[in-house]
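Before any comments, here is the structure.
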Amino acid sequence: MSDPHLIAGGEPLYGVIPVVENLRQALAQIERMGLRPSAVVFTGDLTDLGEPDAYRRLREIVEPAVEALGARLCWVPGNHDERDAMRVGLLDEAPSLEPIDRVWDLDGLRLIGLDTSVPGFHHGELSHAQLEWLDARLNEPAEHGTVLALHHPPMPTSQPMFDILELREQSLLADVVRGRNVRAILGGHLHYSAHATFAGIPVSVAAATCYTMNLSMPQRAVNGMTGGQSFQVLDVYDDTIVHSVVPLGDHTTFDTFDEAFITRLEELTPEQRVEAFSRKR
């Protein structure tokens, strides 16, 4: 998930957006889905202003929920975060303005978090030192390949002026990851779900949990809206990764398969399932 944008005091963002409630809703839905993920990954803009109290509140909300899932918690910074406050508030480290780049081993699947934030600015960059570090990490074997997570996704955006806030010099990153065993790139920043390819690698952007962009407006009028928040579930298979968008909210369902029906299907042979469930009536 991405872009919770918490602020100090747990107040609504801009006075109207219930960012704390939205984050709690997302975590509650993951628990309700019965998922047991290897990791829960946040791709940046964890707070809106980088305030120490916002990081403290974020940690108090997220850590117990992720621990209950038995998952690893992976924080990736965004342009609204402050590296020194994030290190102290989330990572129990000394304050520093050095990039927060990390590697996690998820049962043989390597997750690399890249810090694309630029202190004092909202656009994204990766330094030559970071790219050299990434190149060295990719030279190390990973049984099930690598997934990159970064805030500024390496893809073009069609909205006016968004190009100002994009990841700069994307070709340098492409030169490092092209032809390597990178299976997916995860991003945030855009506040709407989007998908692309980059150097032949699938790119998947999680919409924000705080607010999203109303893409149904004319491009020059696109702005934030309070609907459409979501998170993504990644199912990792031997030969593919499936990215599924899960909308936030308790939506009314009009039909469902009850437990007895599911149990009956599980007891059937594959051929019997085709007859019971696939054949048109």
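FYI, the numbering for the sequence shown is 68 to 348, going by my numbering. Just so you know, even glycine gets a beta-carbon here, dropped at the ideal spot from N, CA and C. Source: prediction; values computed, not measured.
Taking a contact to require three or more Cβ pairs closer than 8 Å, the region 197–213 and the region 280–298 do not qualify as touching. Taking C-alpha positions only, G82 is separated from G212 by approximately 43 Å. Bridge partners of W142 according to DSSP: F109. Counting other Cβ atoms within 10 Å of its Cβ, Q299 reaches 16 or more and is therefore classed as buried.
For the options S69, R123 and P162, the alpha carbon positioned closest to that of N146 is the one of S69. The alpha carbon of H218 has as its nearest neighbour, out of E192, Q197, V243 and L73, the alpha carbon of E192.
The way I'd put it, the region 251–261 does touch the region 270–280; three or more beta-carbon pairs between them come closer than 8 Å.
For G117, there is no enclosing beta strand (DSSP E), as DSSP marks it with neither H nor E. Taking C-beta atoms as the reference points, I167 and R154 count as a pair closer than 8 Å.
With a contact defined as Cβ atoms closer than 8 Å, I179 and V185 miss out at about 19 Å. When DSSP assignments are scanned along the region 189–215, the uninterrupted stretches of alpha helix (DSSP H) that are 4 or more residues long and fall wholly within it turn out to be 195–205.
In the three-state scheme derived from DSSP, where H, G and I count as helix and E and B as strand, A266 is classed as coil. Distance from the CA atom of L94 to the CA atom of V312, rounded to whole angstroms, is 14 Å. Per DSSP, the continuous alpha helix (DSSP H) segment holding V155 begins and ends at R150 to L158. In the same chain as A75, and ignoring 5 residues on each side of it, the C-beta atoms closer than 6 Å to its own belong to E118, D120 and A121, in chain order. Membership of S238 in any beta strand (DSSP E) is not indicated; the residue belongs instead to the alpha helix (DSSP H) covering Q237 to V244.
Between the C-alpha atoms of L102 and L240 there is a straight-line separation of about 33 Å. Counting the other Cβ atoms within 10 Å of the Cβ of S105 gives 16 or more, which makes it buried.
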